[in-house]
Amino acid sequence: MTPAENKALRESMGLTLKWLANRWGVTVQSVKRWEGSRTPPPQIAKDMLDLKRKFDAEVQRLVEDGGDIVEVPRRDRDCTGSEQSAAWARAVAQRAKERRGLTMEFRDANDTEKQ
């Protein structure tokens, strides 16, 4: 996996540098290097591909769910029962929307606080 592929994959899944650094037990600077000038180590590249498989499975689940509306979290603290971020959940929902025309709504439509 090239640094460019690594960065594009991270961004496409709504993952932050900080989230990945915490997951892998490294510094944000290390993650930045793997997206800049250094090829990520094999175990990091494998984990990114594992995350992509999980992402794709979640998209497929939403596509097959049959509902027309998918609720997404506005903020990370609104995520319940998931190790992923709010951005991840929104990215999954957006991909499912592109495939099936779902409507996305925030879990609490009355919440006007911005992330």
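Sequential numbering of the sequence shown, starting at 9, is according to our numbering.
Think of the CB as a built atom: it goes at the ideal place given N, C-alpha and C, for glycine as much as any other residue.
Here the structure is a predicted model, which means the values were calculated and not measured.
Per-residue burial, residue i [other beta carbons within 10 Å of its own, 16 or more giving buried]
| i | result |
| --- | --- |
| G22 | buried |
| R82 | buried |
Distance, residue j Cα to residue i Cα
| i | j | result |
| --- | --- | --- |
| W32 | A12 | 19 Å |
| K15 | T88 | 26 Å |
| R85 | P50 | 32 Å |
| R98 | G75 | 16 Å |
| R108 | I52 | 32 Å |
| R41 | K54 | 17 Å |
Range covered by the beta strand (DSSP E) that runs through residue i
| i | result |
| --- | --- |
| M56 | Looking at the DSSP string, M56 is not in any beta strand (DSSP E); the run it does join, the alpha helix (DSSP H), is 50 to 73. |
| V78 | 77 to 80 |
| E113 | 111 to 114 |
Whole-angstrom C-beta distance between residue j and residue i, which should lie under 8 Å
| i | j | result |
| --- | --- | --- |
| E79 | E113 | 6 Å |
CB contact check: residue i to chain D, cutoff 7 Å
| i | result |
| --- | --- |
| G33 | No chain D appears in this structure, which consists of one protein chain only. |
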